[in-house]
Structures are given as C-alpha cells and as structure tokens.
C-alpha cells in the first residue's frame, strides 16, 4: 500500500474567501461612508495582493481577482468622493 502526502489548500482558500468577502463589504460601505469604503478597499487591495501571491489553484485566483476588483472600485469611488482623509 502506497501512501502519498495530500496537501490541502485550506489557509490559502480562506484568505481568498476573505478577500472576496471584504471586497463586497467595501462596495456596500460606499452607501454608508465613502471614507470607510476607501479604507476597506485599500485593506482589500493589500490582503488580495498577498493572497494572489501565495495562491496555488485557479479558483483561489478567481476569488482573489474578483475581491481585488471590488476593492479597487471602492477605493476609486471613495477617493473621488473625498475618502481617506
């Protein structure tokens, strides 16, 4: 019987899911506060960038890009409305 080591990607996937979730939250925050949305979007950009660097599977990368895009939109709209001050 041959045994092989199976490596799960649970921490990587959790980080990708956190990026996607925070990106959605940043977009929702635009309705409440542009400043909070800009800061949340900036956090998503940093978190998503790190997650993209360590991701190993295609679904993780897809979630990262979706979250990073949402965060970038939140930062751009938040800055246009006077955020980060």
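Numbering (this note's numbering), first residue to last: 9 to 93. Here a beta-carbon is modelled for each residue, glycine too, at the ideal position from N, C-alpha and C.
Can you say whether residue i is buried or exposed, counting buried as having 16 or more other CB atoms within 10 angstroms of its CB?
i	result
residue 88	exposed
residue 45	buried
residue 28	buried
residue 48	buried
Sorted by chain position, which residues of the same chain lie with C-beta nearer than 6 Å to residue i's C-beta, five sequence neighbours on each side aside?
i	result
residue 43	91
Using CA atoms only, rank isn't needed, just tell me which of the options is closest to residue i.
i	options	result
residue 23	57, 34, 39 and 38	57
residue 75	66, 31 and 68	31
Might you give, ordered along the chain, the residues of its own chain that have their beta carbon closer than 7 Å to the beta carbon of residue i, omitting 5 neighbours on each side?
i	result
residue 62	20
Inside the region 62–87 only - alpha helix (DSSP H) runs reaching at least 4 residues: none
Three or more C-beta pairs below 8 Å linking the region 75–85 and the region 43–59: yes
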